[in-house]
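Here is the structure we will look at.
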Amino acid sequence: MIYRRFLGVPSWEFKGPFAELERMKRQMDRLMEGWGATYQKPFAGVFPLINLTETKDSFFIRAELPGVVAGDLDIQATANSISVTGERKIPSENKEARWHRREREAGKFSRMISMPSEIDPNKVDASLVDGILMVVVPKAEVSKPRQISVR
Amino acid sequence: MADSKDIKVREKQELTTPAEQTKPGAVFTPQVDIFETEKEITLLADIPGVKSDKLNIDLRDDILTITGDVEPVESSAEEDVLIEYETGRFYRQFTLSEVIDQSKIDAKLGDGVLRLTLPKVEKATPRKIAIKSA
Chain A
0 MIYRRFLGVP SWEFKGPFAE LERMKRQMDR LMEGWGATYQ KPFAGVFPLI
50 NLTETKDSFF IRAELPGVVA GDLDIQATAN SISVTGERKI PSENKEARWH
100 RREREAGKFS RMISMPSEID PNKVDASLVD GILMVVVPKA EVSKPRQISV
150 R
Chain B
0 MADSKDIKVR EKQELTTPAE QTKPGAVFTP QVDIFETEKE ITLLADIPGV
50 KSDKLNIDLR DDILTITGDV EPVESSAEED VLIEYETGRF YRQFTLSEVI
100 DQSKIDAKLG DGVLRLTLPK VEKATPRKIA IKSA
């Protein structure tokens with residue numbers, strides 16, 4: 000499992016011009032690790048950041064989307080990918096407000112997540128609770144692990 | 000529309016506390032907006048995953064502390080495939096320069112955003128000062 004985590008699955012079949020550089024960077028990171036440097040998380044550079052986990056039957060995608068309303072989210076599924084598109088709106092405040100800090104960002108976002116194996120796009124289920132999006136993605140029958148009995 | 004730009008990704012900012020935490024786990028700094036009107040100070044903080052009973056707002060001696068714990072949501076049967084963000088505690092502290100009316104503080108939590116309204120006490124609201132010519 001650790002191996003997959005390092006490679007930043009699920010999108011490593013997309014080999015862009017920087018794939019080779021990325022590979023070298025990863026090798027360097029792995030070398031550096033022994034020298035006390037901390038391990039860098041795989042970072043897609045696209046909002047929102049996601050966590051992808053799996054069980055035998057499904058994948059779970061989670062993303063932090065505070066302040067996003069379910070109506071402003073659009074989730075689409077194909078046989079091997081999920082796309083999450085939406086907009087985060089921050090309602091404008093009182094005209095006479097004077098700002099001390101403005102760190103929260105509004106805007107559009109769109110992310111494509113390619114799944115490590117085939118999924119069942121008809122049974123994808125998404126919920127948005129307390130600013131956390133959770134998408135339950137059932138695996139297609141073919142990609143479910145099968146118990147093989149040894150005779 | 001001015002705000003239709005794309006959101007840039009930002010990694011969650013992990014807090015490096017000078018003092019050690021008693022509770023193990025990561026601590027993050029939430030992104031906040033703070034604005035002030037003549038009557039009140041409003042603070043908006045992004046704290047996704049914090050339930051209202053796990054949120055603690057404390058104001059004492061002009062120091063406002065916001066602490067929110069995020070319970071791990073993954074079930075034990077799940078295996079990690081790709082982990083781009085960690086969850087843990089949200090923590091942030093502010094020193095308030097104005098005197099706040101503690102009894103009228105109002106906090107709302109919805110969709111992972113905290114909205115905290117801190118009304119100023121009467122005498123702290125600015126008054127126009129008339130300058131008399133000598």
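Chains A and B, in that order, are what the protein sequence lines are.
Position one of the first sequence corresponds to residue 0 (numbering that gives the first Met the number 0), numbered consecutively onward.
Position one of the second sequence corresponds to residue 0 (numbering that gives the first Met the number 0), numbered consecutively onward.
Backbone N, C-alpha and C fix where the C-beta goes; we use that ideal spot for every residue, glycine too.
Computed from a predicted structure; not experimentally measured.
C-beta atoms of residue i and residue j nearer than 9 Å
i	j	result
B/D68	B/F89	yes
B/L42	B/L58	no
B/D110	A/D124	no
B/R114	B/T28	no
A/S113	A/S80	yes
A/W98	B/I33	yes
A/I74	A/V67	no
A/L127	A/L64	yes
B/E85	B/K11	yes
B/E73	A/T52	yes
Inter-residue Cα distance where the pair is residue i and residue j
i	j	result
B/A76	A/R61	16 Å
A/Q26	A/P90	45 Å
B/D79	A/A96	44 Å
B/Q30	A/L48	15 Å
B/G87	B/A25	5 Å
A/I118	B/E37	55 Å
B/V112	A/T54	30 Å
A/R87	B/T21	35 Å
A/L132	A/T77	19 Å
A/R145	B/E13	40 Å
B/P47	A/A18	33 Å
B/I104	B/R9	31 Å
A/D71	B/K122	43 Å
A/S148	A/R22	39 Å
B/I130	A/R103	40 Å
B/E49	A/K24	Looking at the sequence provided, one finds Val at residue 49 of chain B rather than Glu. Cα-Cα distance, rounded: 35 Å.
B/P23	B/K53	16 Å
A/S116	A/V134	16 Å
B/A133	B/K127	18 Å
A/A69	A/R150	51 Å
A/R101	B/T15	22 Å
A/Y38	B/S102	Since pLDDT at A/Y38 reaches only 49, below the 50 mark, its modelled position is unreliable, and the value read off the structure follows with that caveat. Taking the straight line from one Cα to the other gives about 47 Å.
A/G44	A/G85	17 Å
B/A1	A/F108	Here B/A1 scores only 47 on pLDDT, less than 50, and its place in the model should not be relied on; the value that follows carries that caveat. Approximately 15 Å between the Cα atoms of the pair.
Near the ligand FAD: residue i beta-carbon under 8 Å from a heavy atom
i	result
A/P120	Absence of the ligand FAD from the depicted structure is noted, as is the absence of any ligand whatsoever, leaving it without description.
Identity of the residue in the options nearest residue i by Cα
i	options	result
B/K119	B/A44, B/D100 and B/E10	B/D100
A/A139	A/N121, A/Q146 and A/I131	A/N121
B/K7	A/S148, A/D119 and A/R110	A/R110
B/T66	B/Y84, B/D45 and B/E35	B/D45
B/A106	B/T15, B/I40 and B/P23	B/I40
B/L95	B/A133, B/E35 and B/P23	B/E35
Supposed close pair residue i, residue j - CB separation, criterion 8 Å
i	j	result
A/N50	B/I82	5 Å
B/D5	A/G106	5 Å
B/S51	B/L117	B/S51 to B/L117, Cβ: 18 Å. No contact.
A/F58	A/V136	4 Å
Query - Segments of 4+ residues assigned as alpha helix (DSSP H) that fall wholly inside the region 55 to 84 of chain A - result: Segments of the alpha helix (DSSP H) lying fully in the region 55 to 84 of chain A: there are none.
Query - In chain order, each beta strand (DSSP E) run of at least 3 residues that lies wholly inside the region 70 to 106 of chain B - result: Taking only runs of at least 3 residues, the beta strand (DSSP E) segments lying wholly in the region 70 to 106 of chain B are 78 to 82 and 88 to 94.
Query raised in the report: Between the region 91 to 124 of chain A and chain E, which residues of the former have CB atoms less than 7 Å from a CB of the latter, in chain order?
Result: In the displayed structure, chain E is absent; the protein chains listed are A and B.
**Report entry** Length at least 3, wholly inside the region 84 to 112 of chain A: the beta strand (DSSP E) runs in chain order
**Finding:** Scanning the region 84 to 112 of chain A for uninterrupted beta strand (DSSP E) segments of 3 residues or longer gives 97 to 101, listed from N- to C-terminal end.
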